[in-house]
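What follows is a single structure, written as structure tokens, with notes after it.
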Amino acid sequence: MHKTAGKFRSFIGSWYFILPFCVVLFLFLIGLANFGIHVFEQWNQSGPLELSNTKTAPTFTISSDYFFQYAYADHPGYYKVIYFIAICISLNVGYRIRSNLGTLLKGLKSGGSFEVMKELKKQYIMVPEAGTKFPGEGGMPIARFSYWTKRKVTIFGKQLTIFWLTYRLLVDNSNTNTMLLGTTRSGKFVYFFSYYIDNLSRALLLKDRPSFVISDLKGEILVAFKRLLEARGYDVHALNLIDLKLSMFYNPLQKVIDAYIAGEYDEAQKECATIAKILYSEEGDSKNKYFTNSAQHLFSALVLAICDKAINVTRHITIADGKIEPLTDLSKEIIIRGNKGDRVLLTYPNGEHKQIDFLLSETKHIPLEEKLQKEQTFTFQFVDRETGEVETFNVPVFETHIETITLYGVYMLIRKLGTSSSKVEIMRTVNGEKIPDEKQALEYYFEQFDDHHPAGNQFAQSEFGSSDSKGDVFSTTVEKLSQFSLGANGRVTSKNSLDFENIGFGDRPVALFLLIPESDKSNNMLASIAIKQVYQANINRANKTPGRKCKRKIYFMLDEAGNLIRIEDLDTMMTMGLGANMIFTLGLQEIIQLEKVYGAQDAETIRGACGNTVYLKSSLGKTNKSISEELGTYEYESKSRSGQTFSLDKHKSESVDDRPLMRPEELALLRKGEMIIYRTMKREDNKGKDITPRPIFIHGKNRILPSYKRLKNWISIKGKSLQTIGLPEEVGKVDLEAITPTDYIPYAKQMHANRPYFPDSFFQSSWENQSPTTFFSEAQRKQIQTLLEKEPNLDIEQNQHLLNPSTMEGFLDNWKLLKQQQFLSDKVYSLILAWIEQGIEASKREEAS
Numbered sequence: 012m013h014k015t016a017g018k019f020r021s022f023i024g025s026w027y028f029i030l031p032f033c034v035v036l037f038l039f040l041i042g043l044a045n046f047g048i049h050v051f052e053q054w055n056q057s058g059p060l061e062l063s064n065t066k067t068a069p070t071f072t073i074s075s076d077y078f079f080q081y082a083y084a085d086h087p088g089y090y091k092v093i094y095f096i097a098i099c100i101s102l103n104v105g106y107r108i109r110s111n112l113g114t115l116l117k118g119l120k121s122g123g124s125f126e127v128m129k130e131l132k133k134q135y136i137m138v139p140e141a142g143t144k145f146p147g148e149g150g151m152p153i154a155r156f157s158y159w160t161k162r163k164v165t166i167f168g169k170q171l172t173i174f175w176l177t178y179r180l181l182v183d184n185s186n187t188n189t190m191l192l193g194t195t196r197s198g199k200f201v202y203f204f205s206y207y208i209d210n211l212s213r214a215l216l217l218k219d220r221p222s223f224v225i226s227d228l229k230g231e232i233l234v235a236f237k238r239l240l241e242a243r244g245y246d247v248h249a250l251n252l253i254d255l256k257l258s259m260f261y262n263p264l265q266k267v268i269d270a271y272i273a274g275e276y277d278e279a280q281k282e283c284a285t286i287a288k289i290l291y292s293e294e295g296d297s298k299n300k301y302f303t304n305s306a307q308h309l310f311s312a313l314v315l316a317i318c319d320k321a322i323n324v325t326r327h328i329t330i331a332d333g334k335i336e337p338l339t340d341l342s343k344e345i346i347i348r349g350n351k352g353d354r355v356l357l358t359y360p361n362g363e364h365k366q367i368d369f370l371l372s373e374t375k376h377i378p379l380e381e382k383l384q385k386e387q388t389f390t391f392q393f394v395d396r397e398t399g400e401v402e403t404f405n406v407p408v409f410e411t412h413i414e415t416i417t418l419y420g421v422y423m424l425i426r427k428l429g430t431s432s433s434k435v436e437i438m439r440t441v442n443g444e445k446i447p448d449e450k451q452a453l454e455y456y457f458e459q460f461d462d463h464h465p466a467g468n469q470f471a472q473s474e475f476g477s478s479d480s481k482g483d484v485f486s487t488t489v490e491k492l493s494q495f496s497l498g499a500n501g502r503v504t505s506k507n508s509l510d511f512e513n514i515g516f517g518d519r520p521v522a523l524f525l526l527i528p529e530s531d532k533s534n535n536m537l538a539s540i541a542i543k544q545v546y547q548a549n550i551n552r553a554n555k556t557p558g559r560k561c562k563r564k565i566y567f568m569l570d571e572a573g574n575l576i577r578i579e580d581l582d583t584m585m586t587m588g589l590g591a592n593m594i595f596t597l598g599l600q601e602i603i604q605l606e607k608v609y610g611a612q613d614a615e616t617i618r619g620a621c622g623n624t625v626y627l628k629s630s631l632g633k634t635n636k637s638i639s640e641e642l643g644t645y646e647y648e649s650k651s652r653s654g655q656t657f658s659l660d661k662h663k664s665e666s667v668d669d670r671p672l673m674r675p676e677e678l679a680l681l682r683k684g685e686m687i688i689y690r691t692m693k694r695e696d697n698k699g700k701d702i703t704p705r706p707i708f709i710h711g712k713n714r715i716l717p718s719y720k721r722l723k724n725w726i727s728i729k730g731k732s733l734q735t736i737g738l739p740e741e742v743g744k745v746d747l748e749a750i751t752p753t754d755y756i757p758y759a760k761q762m763h764a765n766r767p768y769f770p771d772s773f774f775q776s777s778w779e780n781q782s783p784t785t786f787f788s789e790a791q792r793k794q795i796q797t798l799l800e801k802e803p804n805l806d807i808e809q810n811q812h813l814l815n816p817s818t819m820e821g822f823l824d825n826w827k828l829l830k831q832q833q834f835l836s837d838k839v840y841s842l843i844l845a846w847i848e849q850g851i852e853a854s855k856r857e858e859a860s
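In the numbering used here, the protein residues as written are 12 to 860.
Structure below.
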């Protein structure tokens, strides 16, 4: 790419010239000395010439053979001296040529260079450029090159073999994350994503075609590829945030529902926390972070409460003295407990009979082949093993309401119960007398949950019960949820069209498109949540699978990733996902977008997880400078001269310097189709030999052609739109009233009726849920107030929300936060911490007694 010295001079100074030259010079000197020895011998033999007697004088002859006729045996001493002198002269001349004309580049300053095409063909696999299917897997497009192939044709009845010029792509099919940098209209789709999706989906065998999760700004990728992917065996789904009427269904709470049904309440809380962190991202000052954190806990509490009402409708129902587990329309098995010798006659709703004998005292699980309906009834006849008496139980199927577990349902719950005007009439006991009173509805609702219920625990951490922060926590929570009160949003998130596990473990490949609008970003968090849940669903399944890998590779192609809401734990997903066959490609306009969304530290981790960085073009100097530094530098010979302007005898000098492989201003001038690939993880060629992963500069005849020229026969957006490619139109048919949860307070009162204690005792059940007013003595509270007023770094008015939480768990967390922010001195912090530890020990002793 860059000339560092004249070609002729460089050749003269290279070992390719010097070594042969020294050998030739050595042989010439030996031949010349040999010639001189022969001439000298004849001179001695002939003696002095006698001109007067020429007839009798000896003959003196000179021949070219003297150069090659050696007489080492006759003159060994002479030849040793001659060899020595010839070697010295040859080496001296060779050294002087090398030192004066040889290159000064020694690789001491830098050894950087771009990889050459010849080596790239040894390092990456080649696939047909377009149209033709091929064995094996595709990969990330690297370069285009011409390739001569043999074809057999029949001409006039004769079969002939001809050579046909075709074009191939070099692709990287390794599990490597990629970052694509290209400013607006730099061609991220036409030069990169189009070829990437096309060649991956052209694998000959269906099992080698990966699944896709593609974020698609404006929906152009979906319009171009939908019908082609369907023709290649893909199930295509689109979460259409541009036009919700043409979208698939996607309920972000589905994983919470699945975990809750399975009784995995810890997993349900984790799923809630993941969604909450994306909905309520932690930004701003400490006060905003406090309300954001409280809103996350309140959101999780609301979701878990709706799950409890919709799914756990049978938790207070006992059937046949506990011998039979209640049946719901979600049940997948019948659970019967029996003693040794018992016999149970089971009659199904369709009239079929089954006899169950208990050889041991055990619990039997009988699988159900069909989904149960609420109108059905099962009949169980228990035959006593001693008396033979028969006891009959008719067990109805209870109805659940999982259709109400939606973000729309969460909004409706907090809207109806969360306002300050929402009150519930209760009876309080004062001096042994019950008197009527009122309580805020949402507080009352969550007080009905028992101590260890996840919904109650999350609500306690939300600080909603604190009178000072109640309004702020409510408004922060409702602000994000209110968009799901809109009809289209509520309908789209009412159920699921796709089981995310099928993306990595289904029999057919899946293409999930996440259509992102250009202007309205209010729904973008749905795309971020979906990406996180696709990863989580498949990594969980992979961890339970031999080999701990997805059955089918999943490519996350996140074009315009900088316009997505922060994806929780994206850095971890990218570092851990590769081992499970999940590969990420992030399309960004500038590096600074990543830092803006994820912060400098996480952005650096994400960049480090990308083994390939593909650069198309950038107009931002910071991005160009960063790429230029990563590419490295190379050595070159710099020349200088001095002297009079028109003098022909100037003084010249040479020196070694280094410069970037690509300066920032050179990167900004790349032409269409040219790209730079900086790679760090490619360390073996196709044969397993070690290589140095040098950067790649694709230019000239190896540039990839725009897809609207080369792939126009397969993909095109001309004459197409989202309305004409056959997207489903089922969203508008959803009845919002049917998915709205109702009867909250009657259900809460039913829970209360089955509890052995009153709502007012809820916060005294353990030290974490006690209020600071109850936990600390009056003297301790006064001393705490006095100590805080003397703290020079603490603004009590500004941090009032941290100093007055509703629970001791919140107080302890806030106390540690104040210390981390250096608002508290070590002495005050340690003193109050000691009081808390003493109170905890006292609380444990009371519980034990």
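The C-beta atom is built at its ideal place from N, Cα and C for all residues, glycine as well.
Burial state of residue i (16 or more Cβ within 10 Å)
i: Lys729; result: exposed
i: Tyr27; result: exposed
i: Gln867; result: The requested residue 867 is not part of the displayed model; the chain covers only 12 to 860.
i: Met438; result: exposed
i: Arg213; result: buried
i: Phe22; result: exposed
i: His662; result: exposed
i: Gln459; result: buried
i: Val745; result: buried
i: Ser629; result: buried
i: Lys144; result: exposed
i: Trp54; result: exposed
i: Cys283; result: buried
i: Glu848; result: exposed
i: Glu571; result: buried
i: Ser222; result: buried
Extent of the continuous beta strand (DSSP E) run through residue i
i: Cys561; result: Counting along the chain, Cys561 falls outside any beta strand (DSSP E), and DSSP gives it neither H nor E.
i: Gln833; result: Element bounds for Gln833: n/a, residue is neither H nor E.
Whole-number beta carbon distance between residue j and residue i, since they are thought to touch under 8 angstroms
i: Val224; j: Leu523; result: 5 angstroms
i: Asp183; j: Asn623; result: 7 angstroms
i: Phe708; j: Val484; result: Not a contact, Cβ separation roughly 55 angstroms.
i: Tyr609; j: Glu641; result: Rounded, the Cβ-Cβ distance is 19 angstroms, inconsistent with contact.
i: Pro757; j: Met423; result: The pair is not a contact, with the Cβ atoms about 16 angstroms apart (cut-off 8 angstroms).
i: Thr374; j: Thr390; result: Between Thr390 and Thr374 the Cβ distance is about 20 angstroms, and since that is not below 8 angstroms, they are no contact.
i: Leu7; j: Glu140; result: The structure shown does not extend to residue 7, since the chain is modelled only from 12 through 860, so no value can be given for it.
i: Leu627; j: Asp209; result: With 8 angstroms as the limit, Leu627 and Asp209 do not qualify as a contact, their Cβ atoms being about 18 angstroms apart.
Residue i (DSSP reduced to helix, strand or coil)
i: Lys698; result: coil
i: Pro87; result: helix
i: Gly198; result: coil
i: Gln781; result: coil
i: Val447; result: First, the residue type needs correcting, since residue 447 is Pro and not Val in the sequence shown. Strand, per DSSP.
i: Asn125; result: Contrary to the premise, residue 125 reads as Phe rather than Asn in this sequence. Phe125 falls in the coil class under three-state DSSP.
i: Ala82; result: coil
i: Asp754; result: coil
i: Arg766; result: Per-residue confidence for Arg766 stands at a pLDDT of 42, beneath the threshold of 50, marking its modelled position as unreliable; the derived number appears in the next sentence. Coil.
i: Leu823; result: helix
i: Phe310; result: helix
i: Trp26; result: helix
N-terminal and C-terminal residue of the alpha helix (DSSP H) that residue i is part of
i: Trp139; result: Correcting the residue type first, residue 139 is Pro in the shown sequence and not Trp. That residue, Pro139, is in no alpha helix (DSSP H); its beta strand (DSSP E) goes Ile136 to Pro139.
i: Lys256; result: Neither: Lys256 is in no alpha helix (DSSP H) and is coded neither H nor E.
i: Gln469; result: Pro465 to Gln472
i: Leu426; result: The amino acid at residue 426 is misidentified as Leu; the sequence shows Arg. Leu418 to Leu428 is the extent of the alpha helix (DSSP H) around Arg426.
is_contact[residue i, chain D] using C-beta, thresh 9 angstroms
i: Tyr301; result: Looking at the structure shown, chain D is missing, and only one protein chain is on hand.
Entirely enclosed beta strand (DSSP E) segments - the region 667-728, minimum 3 residues: 686-690 and 707-709
Segments assigned alpha helix (DSSP H), at least 4 residues, entirely inside the region 493-534: 498-503 and 512-516
Sequence ranges, beta strand (DSSP E) only - wholly within the region 210-297, length at least 3: 222-228 and 246-251
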